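Chemist: Have a look at this one before I ask anything.
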Amino acid sequence: MKLQFVKMHGIGNDYLFFDCFERPLRAPSDIAVKLSDRHRSVGGDGIVLILPSKKADAKMRMFNADGSEGKMCGNAIRCVAKFLYDFKGVRKDVITVETRAGIKRIEPLKAKPLGRADVFRVDMGKPSFLPDRIPALFEGRRVLSHPLIVGGETYRVTCLSMGNPHCVVFEDPSAVCLEKVGPLFEHHPAFPERVNTEFVSIASENELTMRVWERGSGETLACGTGACAAAVAAIQNGFCEAGAVTVRLKGGDLTVTYTGGHVFMTGPAEISFTGVAEV
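Residue numbers for the sequence shown follow the working numbering, beginning at 26 and rising by one.
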């Protein structure tokens, strides 16, 4: 098959996007593994299928670099909104996208004269703290600064779901050997569906620095749901004030606003290039 794609990224978190409005993509898990290879193929953190939806302007399916399917991806959904705005003529004040984590509402914030948008605000919904909804095998109604032994060391973890499971650790990201520790968290028995892990330091009452190990992809330059999880965890632990928090990642900055139990994420979406892959 010859497959047309658009490579896009949200602050370095890059995916290959396929327009599936007219033709479905067969074997997306296999294609994700093949095309995500950065040495022998196009390269990316995974692939995203943009499909028709009866409930929203489009439906998104995201597959990680290892072929596993994710329920939600904050950086990818901004790129989906940009694709719809730029290429599909969905010029709305609010664009809706159906995901496995529900329907998300995205606002284009900065539009250019040529009919393109670059910055988007996503309504990420409410975080879930219940362990069985994350899922995470802990007792109680919340996992807030809870001790967890990983690789023989004890970490204080805060766990929540932003559509994907997240484990937030407040430790200096620059001091962490993420290639060693990341897989130990991802495959820890406490997380039956694996977990995304964020190592976070507090720069100020409204600014965080973060590195992330994503399940199925390893360390990435950015993670939208991870940035949301980090900001929510920082506020819940009393490290940051409720409101807008700037999360600084290796690929760039995201703004996460958490008030009244609701999370909004603002950041850019950019096109890298278009191409055709033969598989």
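Glycine residues also receive a C-beta, built at the ideal position from the N, C-alpha and C atoms. Predicted, not measured: the structure shown is a model, and the values here were computed from it.
Please state if the CB of Ala101 and the CB of Ala57 are separated by a distance shorter than 9 angstroms.
Modeler: The residue you call residue 57 lines up with position 32 of the sequence shown. The residue you call residue 101 lines up with position 76 of the sequence shown. Taking 9 angstroms as the Cβ cut-off, Ala57 and Ala101 do not qualify as a contacting pair.
Chemist: Kindly indicate the opening and closing residues of the alpha helix (DSSP H) around Arg103.
Modeler: Along the sequence shown, one-based indexing puts residue 103 at 78. 99 to 112 is the span of the alpha helix (DSSP H), which, as asked, contains Arg103.
Chemist: Comparing alpha-carbon positions, which option in Glu239, Val144, Ser78 lies nearest Val206?
Modeler: Your numbering for residue 206 matches position 181 in the sequence shown. For Val206, the nearest C-alpha among the options comes from Glu239.
Chemist: Reducing DSSP to helix, strand and coil, say where Arg167 ends up.
Modeler: Walking along the sequence shown from the start, residue 167 turns up at place 142. Correct three-state label for Arg167: coil.
Chemist: Could you spell out the range, first to last residue, of the beta strand (DSSP E) harbouring Glu123?
Modeler: Taking the first residue of the sequence shown as 1, we reach residue 123 at position 98. Segment 120 to 124, the beta strand (DSSP E) holding Glu123.
Chemist: What are the start and end residues of each continuous alpha helix (DSSP H) run of 4 or more residues lying completely inside the segment 178 to 266, in chain order?
Modeler: Here the runs fully enclosed are 203 to 211, 249 to 261.
Chemist: Using only alpha-carbon positions, find the residue among Glu123, Arg63, Phe210, Leu274 that is nearest to Leu233.
Modeler: Stepping through the sequence shown from its first residue, residue 233 is reached at position 208. The shortest C-alpha separation from Leu233 is found at Leu274.
Chemist: Considering only residues of the same chain and omitting the five flanking positions on each side of Gln29, which have a CB-CB separation below 6 angstroms?
Modeler: Here the question's residue 29 lines up with position 4 in the sequence shown. Closer than 6 angstroms at the Cβ level, and outside the excluded window around Gln29, lie Val301.
Chemist: Can you look up Arg158 in the DSSP assignment and give me helix, strand or coil?
Modeler: What you label residue 158 is simply residue 133 of the sequence shown in a count that begins at 1. Here Arg158 sits in helix by DSSP.
Chemist: Using a Cβ-Cβ cutoff of less than 6 angstroms, which residues in the same chain neighbour Gly92 once the five nearest sequence positions on both sides are dropped?
Modeler: As a working note, residue 92 is residue 67 in the sequence shown. These residues qualify, in order along the chain: Ser54, Ala57, Val58.
Chemist: Glu223: buried (16+ other C-beta within 10 angstroms of its C-beta) or exposed?
Modeler: As a first step, residue 223 must be located in the sequence shown, where it is residue number 198. Its Cβ being crowded by 16 or more others within 10 Å, Glu223 is buried.
Chemist: Would you mind sorting Cys248 into buried or exposed? The rule is 16 or more other CB atoms within 10 Å of its CB.
Modeler: To locate residue 248, count along the sequence shown from 1; it is residue 223. By the 10 Å Cβ count, Cys248 comes out buried.
Chemist: Would you call Gly140 buried or exposed, if buried means 16 or more other Cβ atoms sit within 10 Å of its Cβ?
Modeler: Counting from one through the sequence shown, the residue named residue 140 turns up at place 115. It is exposed - the Cβ of Gly140 has fewer than 16 other Cβ atoms within 10 Å.
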